[in-house]
Amino acid sequence: MIRNHRSVTALQAAHESPTLAHLALLADESAARLKSIQSLIPNSLLNSIKAGPIDGPVWCLILDNNAVAAKLRQLMPALQAHLRSKGWEVTSIRLKVQMSSSSLQR
Numbered sequence: 007m008i009r010n011h012r013s014v015t016a017l018q019a020a021h022e023s024p025t026l027a028h029l030a031l032l033a034d035e036s037a038a039r040l041k042s043i044q045s046l047i048p049n050s051l052l053n054s055i056k057a058g059p060i061d062g063p064v065w066c067l068i069l070d071n072n073a074v075a076a077k078l079r080q081l082m083p084a085l086q087a088h089l090r091s092k093g094w095e096v097t098s099i100r101l102k103v104q105m106s107s108s109s110l111q112r
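For the sequence shown, the numbering used here gives the first residue as 7, with consecutive numbering after it.
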């Protein structure tokens with residue numbers, strides 16, 4: 007039996023597997039959504055926000071701390087309206103504060 011060993015990049019592997027391809031598309035769309043709303047978010051907060059998962063009409067943003075979450079809650083109506091104007095069906099944006107490993111060790 008002859009085995010054909012070839013190396014592939016993670017991106018190639020993702021596109022060759024239907025499940026991984028779907029996840030890659032969702033990750034790309036999530037990043038595009040975040041890029042779309044960056045102009046509405048104060049520059050000082052941008053480094054504290056990461057694109058999170060998309061679950062149907064619900065999109066998640068991953069945040070560094072509760073202060074960022076508080077500010078984004080104030081901006082939520084404008085963010086959702088902007089996303090809908092760009093063609094994304096977003097009924098809600100979920101905010102998830104990610105605990106850093108240093109705060110878990112205390």
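No residue lacks a Cβ here, since even glycine has one placed at the ideal position from N, Cα and C.
query	result
Less than 7 angstroms between C-beta atoms, sequence neighbours within five positions excluded: which residues of the same chain meet that for residue 66?	58, 59, 100 and 102
Exposed or buried, what is residue 39 when buried is set at 16 or more other beta-carbons lying within 10 Å of its beta-carbon?	buried
Is it right to say residue 78 is buried, meaning 16 or more other beta carbons lie within 10 angstroms of its own, or is it exposed?	buried
Please specify which runs of the alpha helix (DSSP H), each continuous and at least 4 residues long, are wholly inside the stretch 23–83, giving them in chain order.	24–43
Would you kindly report the start and end of the unbroken beta strand (DSSP E) that includes residue 103?	98–103
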